[in-house]
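Numbering (this note's numbering), first residue to last: 334 to 861. A virtual CB, placed ideally from N, CA and C, is assigned to each residue, including glycine.
Right under this line is the structure:
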């Protein structure tokens, strides 16, 4: 790993040399007078916990996050503003765009509406960078305005945030494997119908069948289009050690690689027998009543259905599923909710989630990029501020158990439900005394099986093939979710129609461009 980080640090050093002709002394370059490509107003950078001069004007930052929020969110944000106003003369107005408004953040960006920062996933980051949505953050500007936080961010994270030699967001610092799916199940129902502990897809199928046969008021899985790929990840991808290029917003429908294969050789997964067998299985499962025949028109969140008792499972990344299980067992202990690690079906490797997955991105229209970084540093380097934003109000939403431990507070469910995930910081994190042992074992096993695959860290510049990608996106929206949810009895004919439509939209041109860029990335991004 030291060799990996050394190589990546060299990449970042090259970036710094290009920017200012000096050698960096940390993962970003030394302090020099510099600004990002925005209307940033320079001010003295703050240190966490240190107050600025009282003559500095207070700035209110405007943020947009995805989420629906909870009743106490504004109270938490107000308390946070009290801290940051005194310490760094900066406050924040937090605006939420509903989960159901899929393109809401993109519409705000496209409209030019003023905002200072937003959340970005690994999937949207490169595309938005190419659209000019984010301000460039030079290494000098980063070091000037968030030097303490910069010291915590590994070179690998900065390397992942680099597009064409420039940085446009502050990556997350945590260990996550969020691509891999786990399942929350009702232990009481499993035991009621004498189903063994769920340790495989076959046993999961038995459980879903038992619910479909015997529980008329409970749907086995309340599927909707947003979760169509989740079942595929559980049933097929994680069994076959597959990773799709689209996980990095590469937008080549169907193309991917095996997790252990870092040669850069891709293949069309949609043309494999395994994928065809999966589609046939999904038609069978849909006909057996495992989810609604109207699932494509369903807009309910699966976790809401699971937590209100109308669905027997909920699938998400492992950490989120652990929270579903804890919530269910708090509200309905008689359900005996359980955690099934869907990525533990065999001896295969996993890829650690990109540090970009929870990125704090400063807007290109921001007039206060300096304050945005200072605010971010304060949140992620001051324990009181971190606890507020991450966990809510101590004594209400969470209880301090000492020694870095916490427990659920009496109003735990009244704060959150938005993308404050970018705030994750390994050295500030509190471990729940109620953390599921199954979740802890899951993460420990992932850590032992993690493989660094340089293909996974490739960011595709879509601009040369933007028209073809747009055309393929239309094809995807027309066919893919229906196929993944088993809605086409004649799935084979529909698959062929979809594949022909992708080819007509210019998929080969995209594959060729992707491959060309990938090979260049493979030469320059060494993990040896």
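Would you mind working out which of the options sits nearest residue i, comparing C-alpha positions?
i           : options               : result
residue 575 : 591, 567, 849 and 636 : 591
residue 628 : 820, 537 and 421      : 820
residue 525 : 585, 433, 773 and 539 : 539
residue 423 : 389, 476 and 405      : 389
residue 548 : 488, 844, 600 and 644 : 644
residue 805 : 783, 785 and 833      : 833
residue 457 : 474, 475, 496 and 425 : 496
residue 809 : 728, 513 and 831      : 831
residue 395 : 425, 824, 410 and 407 : 425
residue 484 : 780, 829, 845 and 758 : 758
residue 812 : 822, 823, 571 and 828 : 828
residue 823 : 614, 659 and 443      : 614
residue 411 : 774, 718, 569 and 849 : 718
Taking 6 Å as the limit between beta carbons, can you name the residues of its chain near residue i, skipping five residues before and five after?
i           : result
residue 763 : 737 and 739
residue 573 : 607
residue 729 : 742 and 744
residue 402 : 429, 750 and 751
residue 779 : 510 and 683
In whole angstroms, what separates the C-alpha of residue i from that of residue j?
i           : j           : result
residue 790 : residue 493 : 6 Å
residue 593 : residue 605 : 18 Å
residue 453 : residue 748 : 21 Å
residue 632 : residue 675 : 24 Å
residue 685 : residue 709 : 24 Å
residue 565 : residue 792 : 24 Å
residue 365 : residue 472 : Since pLDDT at residue 365 reaches only 38, below the 50 mark, its modelled position is unreliable, and the value read off the structure follows with that caveat. Going by the C-alpha atoms only, they are around 9 Å apart.
residue 761 : residue 754 : 13 Å
residue 722 : residue 712 : 8 Å
residue 746 : residue 668 : 18 Å
residue 415 : residue 486 : 27 Å
residue 348 : residue 474 : Its pLDDT being 32, under 50, residue 348 is placed unreliably by the model, and the measurement read from it follows with that caveat. If you take the alpha carbons of residue 348 and residue 474, they lie about 13 Å apart.
residue 845 : residue 599 : 11 Å
residue 532 : residue 523 : 12 Å
residue 707 : residue 421 : 8 Å
Which residues in the same chain as residue i place their Cβ atom closer than 7 Å to its Cβ, once the five residues preceding and following it in sequence are excluded?
i           : result
residue 787 : 595, 855, 858 and 860
residue 397 : 428, 430, 438, 441, 448 and 451
residue 802 : 584, 795 and 843
residue 462 : 496 and 501
residue 814 : 558, 561 and 629
residue 841 : none
Rounded to the nearest angstrom, how far is the Cβ of residue i from that of residue j, given a contact under 8 Å?
i           : j           : result
residue 623 : residue 636 : That belief does not hold up - the Cβ atoms of residue 623 and residue 636 are roughly 17 Å apart, past 8 Å.
residue 756 : residue 468 : Wrong, their Cβ atoms sit about 20 Å apart, outside the cutoff.
residue 694 : residue 502 : 4 Å
residue 434 : residue 692 : Residue 434 to residue 692, Cβ: 20 Å. No contact.
residue 516 : residue 654 : 7 Å
residue 673 : residue 537 : 7 Å
residue 638 : residue 546 : Rounded, the Cβ-Cβ distance is 19 Å, inconsistent with contact.
residue 399 : residue 751 : 7 Å
residue 518 : residue 671 : 5 Å
residue 521 : residue 725 : With a Cβ gap of about 30 Å, residue 521 and residue 725 do not count as contacting.
Under a CB-based cut-off of 8 Å, is residue i close to chain B?
i           : result
residue 638 : Absent here is chain B; the protein component of the structure consists of one chain.
Tell me which residues share the same chain as residue i and place their Cβ nearer than 8 Å to its Cβ, disregarding the 5 neighbours each side in the sequence.
i           : result
residue 602 : 575, 577, 587, 588, 589 and 608
residue 664 : 640
residue 391 : 418, 422, 423 and 424
Tell me whether residue i, by its Cβ, gets closer than 7 Å to a heavy atom of the ligand GTP.
i           : result
residue 528 : The ligand GTP is absent from the structure shown, which contains no ligand whatsoever.
> Which runs of the alpha helix (DSSP H) spanning at least 4 residues fall entirely within the region 600 to 626, listed in chain order?
Replying inline: 606 to 620
### Task
Let me know the beta strand (DSSP E) ranges lying completely inside the region 690 to 720, each 3 residues or longer, listed in chain order.
692 to 695
* Whole runs of the alpha helix (DSSP H) within the region 625 to 661, excluding any shorter than 4 residues -> 635 to 640
_Restricting to runs no shorter than 4 residues, where is the alpha helix (DSSP H) found entirely within the region 802 to 853?_
The region 802 to 853 contains these whole alpha helix (DSSP H) runs: 824 to 837.
> Which parts of the region 512 to 548 are runs of the beta strand (DSSP E), unbroken and 3 residues or longer, counting only runs that do not cross its ends?
Replying inline: 514 to 519
| task | Taking only runs that begin and end inside the region 430 to 454, name each unbroken beta strand (DSSP E) of 3 or more residues, in chain order. | result | 450 to 453
Pick out the complete alpha helix (DSSP H) segments inside the region 469 to 513, 4 residues or longer, and give them in chain order. Runs of the alpha helix (DSSP H) inside the region 469 to 513: 472 to 478, 480 to 483 and 488 to 493.
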